[in-house]
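A short write-up of the structure that comes next.
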Amino acid sequence: AFELSAREKDNLRLYIENGGFIFAEANDGNGCDGQAFDRSFRALMAELFNSPLRKLPPDHSVWFAEQPIDPDALPSGLWLYGVEACCRTSVIYCPRSLSCFWELSRGSRDTDYSEHVNRQIEACVKIGVNVLAYATNRQLKDKLDRPRIAADDNTEPLPERGTLQIPKLAHGGGADDAPNSLANLTNVVRDQVRIRIEPTRRLLTPTDETIHEFPILFMHGRRDFQFTPEQRAALREYFERGGFLLADSICASPEFAEAMRRELRAIFPDQPLSRVPPSHPMFTEQFQGFPLGQVTLRDPQARGANDGLTARLTKVTPLLEGIELDGRLVVIFSPYDLSCALENHASLDCKGYAREDAARIGVNVILYALQQ
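Numbering of the sequence shown is given in the working numbering, commencing with residue 14 and proceeding in unit increments.
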């Protein structure tokens, strides 16, 4: 059993929120007793995260990230569990022992294990390799490649007068599933142009009476959601009074994209989302942004039964959809992921833009909105 201090728990939560990954095992079974650790770890995960520790389904990417694993080859009772946090499964946990089987891995040693035991050893080694591939996206990060940590809700300073803050729009489809994406984007905007802009962790409902104090809202998610009639009316009023919304679908979630289009149709029945043409000045340096003629899209590929998970990187023109009101774009929606890339969390199975291009797209959209 183990117990962490309140500060250690906060640090661990912030570590996960800022791109970290935990791979844990209880080292139970095969003559070892890991039950006390198992109870402590499950209690810690329940305390730190809203998402539950769940059994990972056979179609989860970790089972084939580098090489497919035969479930029948796993030792009896061995399976992986995970916690969904910040765009991906950020915690992977095995209640049984993996490291004991790693110790038995032959490497360059000759062994006389039975074929059955060798299959178990091989499967456990593959789990370790796959977890590393899933956690790192097969890319080693530079030691300076670290996202900036947004201020905690309880310590967030009051902004100076005239400082732009961009809150997130609250909804039931994962409104804060990538908690640091917006903060990282505002940091890039501040570095690109000399304007007062500060990150905020604030979530606003559409009917919040302070919503008109914020010229720009940000929204993302990965699940279905639905606004009430009152919330739709409040959002329409917000847009008609000059407000602007930047939104994206986390990991190109089709459920969120469908909900987003449905809700916008309900708000603007005569003005559907349509693609922003590649020639739009938003994709140029006209508003002090970046030239975005070509960007890199990470596109997960269909795999065969014996293949690992791969993603193709292709050069494309940005796909953004918008709604125009009185000659002004009031909504920009990316059906491909921006948020996980901005979190530095984009995984092999996440369809979206490369991190640098996601940031450039976000910067250009915000600079466009500020100059309308």
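Built from N, CA and C at the ideal position, the CB exists for glycine as well.
Helix, strand or coil at residue i according to DSSP, with G and I counted as helix
| i | result |
| --- | --- |
| residue 52 | helix |
| residue 38 | strand |
| residue 14 | coil |
| residue 283 | coil |
| residue 347 | strand |
| residue 330 | coil |
| residue 218 | coil |
| residue 311 | strand |
| residue 231 | strand |
| residue 107 | strand |
| residue 337 | strand |
| residue 139 | helix |
| residue 96 | strand |
| residue 375 | helix |
| residue 324 | strand |
| residue 211 | strand |
| residue 147 | helix |
| residue 194 | helix |
| residue 168 | Note that residue 168 has pLDDT 42, beneath the 50 cutoff, so the model's placement of it is unreliable and no number is given. |
| residue 199 | helix |
| residue 363 | coil |
| residue 368 | helix |
| residue 23 | helix |
| residue 296 | helix |
| residue 355 | helix |
Buried or exposed by the 16-neighbour rule on C-beta atoms within 10 Å, applied to residue i
| i | result |
| --- | --- |
| residue 326 | exposed |
| residue 43 | exposed |
| residue 109 | buried |
| residue 311 | buried |
| residue 15 | exposed |
| residue 133 | buried |
| residue 106 | buried |
| residue 49 | exposed |
| residue 267 | exposed |
| residue 129 | exposed |
| residue 155 | With a pLDDT of only 43 at residue 155, under 50, the local geometry of the prediction cannot be trusted, and the value read off the model is given with reservation. Residue 155 is exposed by the Cβ-count criterion. |
| residue 384 | exposed |
| residue 161 | Low per-residue confidence applies at residue 161: pLDDT is 40, beneath 50, and the placement is therefore not dependable, though the value from the model is reported in the following sentence. Exposed, since its Cβ has fewer than 16 Cβ neighbours within 10 Å. |
| residue 375 | buried |
| residue 72 | exposed |
| residue 382 | buried |
| residue 369 | exposed |
Residue i versus residue j: straight-line alpha-carbon distance, rounded
| i | j | result |
| --- | --- | --- |
| residue 202 | residue 333 | 19 Å |
| residue 283 | residue 178 | 31 Å |
| residue 112 | residue 176 | 52 Å |
| residue 292 | residue 299 | 12 Å |
| residue 260 | residue 40 | 43 Å |
| residue 250 | residue 380 | 22 Å |
| residue 253 | residue 200 | 28 Å |
| residue 170 | residue 234 | At residue 170 the pLDDT is 48, less than 50, meaning the model places this residue with poor confidence and gives no usable figure here. |
| residue 229 | residue 324 | 33 Å |
| residue 95 | residue 30 | 15 Å |
| residue 91 | residue 136 | 11 Å |
| residue 264 | residue 126 | 43 Å |
| residue 153 | residue 357 | Note on residue 153: pLDDT 44, under 50, position unreliable in the model; no value is reported. |
| residue 115 | residue 138 | 6 Å |
| residue 67 | residue 188 | 21 Å |
| residue 339 | residue 248 | 16 Å |
| residue 271 | residue 288 | 15 Å |
| residue 238 | residue 131 | 48 Å |
| residue 18 | residue 255 | 47 Å |
| residue 232 | residue 101 | 18 Å |
| residue 33 | residue 262 | 22 Å |
| residue 38 | residue 149 | 19 Å |
| residue 219 | residue 184 | 9 Å |
Beta carbon of residue i nearer than 8 Å to that of residue j
| i | j | result |
| --- | --- | --- |
| residue 212 | residue 191 | no |
| residue 373 | residue 303 | yes |
| residue 329 | residue 336 | no |
| residue 147 | residue 78 | yes |
| residue 377 | residue 296 | yes |
| residue 313 | residue 364 | yes |
| residue 217 | residue 180 | yes |
| residue 258 | residue 182 | yes |
| residue 35 | residue 82 | no |
| residue 355 | residue 371 | yes |
| residue 269 | residue 186 | yes |
| residue 80 | residue 206 | no |
| residue 75 | residue 93 | yes |
| residue 274 | residue 286 | yes |
Cβ of residue i within 8 Å of any chain B Cβ
| i | result |
| --- | --- |
| residue 339 | Structure shown: chain B not included; a single protein chain is present. |
(message) Is it the case that the region 334-348 contacts the region 83-92, given that we only count it when at least three CB pairs across the two stretches are under 8 Å?
(response) Too few Cβ pairs lie closer than 8 Å, so no.
(request) Take every Cβ of the region 22-36, pair it with every Cβ of the region 56-66, and state whether three or more of those distances are shorter than 8 Å. (result) Verdict: yes, contact present.
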